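What follows is a short report on a single structure.
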Amino acid sequence: MRRLALILMLLILLASGAGIAWFAHGAWGDWRDNSDIRAMAAGRQAVPRENADARAIQGRVLYLAHRDLLTEALEVLPLLSDAPPALLAEARYAIGNSRLRGAFVTLETGIIDDATPEVNLAKSAYRAALRARPGDWNAKLNLELAMRLVRDLPRPEAEGESDPDTRPRRLWTDVPGMPRGGP
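For the sequence shown, the residue numbers in full-length UniProt numbering are 1 to 183.
Right under this line is the structure:
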């Protein structure tokens, strides 16, 4: 009987030790994720650990997008596929803003044709943000701004017609100008 009690106490001790170790490992991971988030919020480079929390990965996407490092941000973005919709929407919104900033820089240099694809990619990022969180007014406003910047109008251009008199006139320009001021 004493031997059974001793074995039972050892099993309980081992189980509680394993539970404490598991809890300590989880607490250490949370502490590391929080320190990475604080570092990125302060403007310092931090790379979240493998299997990091979705908030740490979202912080990394925001950090990269705010610094216009789109290729790196787009490489990290698929890690948020299982994240809550609010985190995914905020990450897509930041990527859209980065693309729109790049389009504005391109427009200010006078290269209008190169700005059109960036604005279209920004619009698709804003639409993805609105699919994840439909009530996001900032994404709606920026999508409207991008839609005013580059129109989504169908362009029926016949490929076989080379006569300029029979070709339909293009009434809308792709980039009518940079909007200044409020809505």
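Glycine included, C-beta positions come from ideal geometry on N, C-alpha and C. All values reported here derive from a predicted model rather than from experimental measurement.
Taking one beta carbon from each stretch, the segment 71-80 and the segment 108-115 have fewer than 3 pairs nearer than 8 Å; the two do not touch. For the options 149, 9, 21 and 59, the alpha carbon positioned closest to that of residue 38 is the one of 59. Here DSSP, grouped into helix, strand and coil, assigns residue 50 to coil. For residue 35, the number of other beta carbons within 10 angstroms of its own is below 16, and it is reported as exposed.
Along the segment 60-146, the alpha helix (DSSP H) occurs as fully enclosed runs of 4 or more residues at 70-76, 85-109 and 112-132, listed in sequence order. In the three-state reduction of the DSSP assignment, residue 42 falls in the coil class, being assigned neither a helical nor a strand state. Rounded to the nearest whole angstrom, the C-alpha separation of residue 16 and residue 4 is 18 Å. Less than 8 Å separates the beta-carbon of residue 89 from that of residue 129. In the three-state scheme derived from DSSP, where H, G and I count as helix and E and B as strand, residue 151 is classed as coil. DSSP places residue 1 in the coil class of the three-state scheme, outside both helix and strand.
The straight-line gap separating the alpha-carbon atoms of residue 29 and residue 46 is approximately 14 Å.
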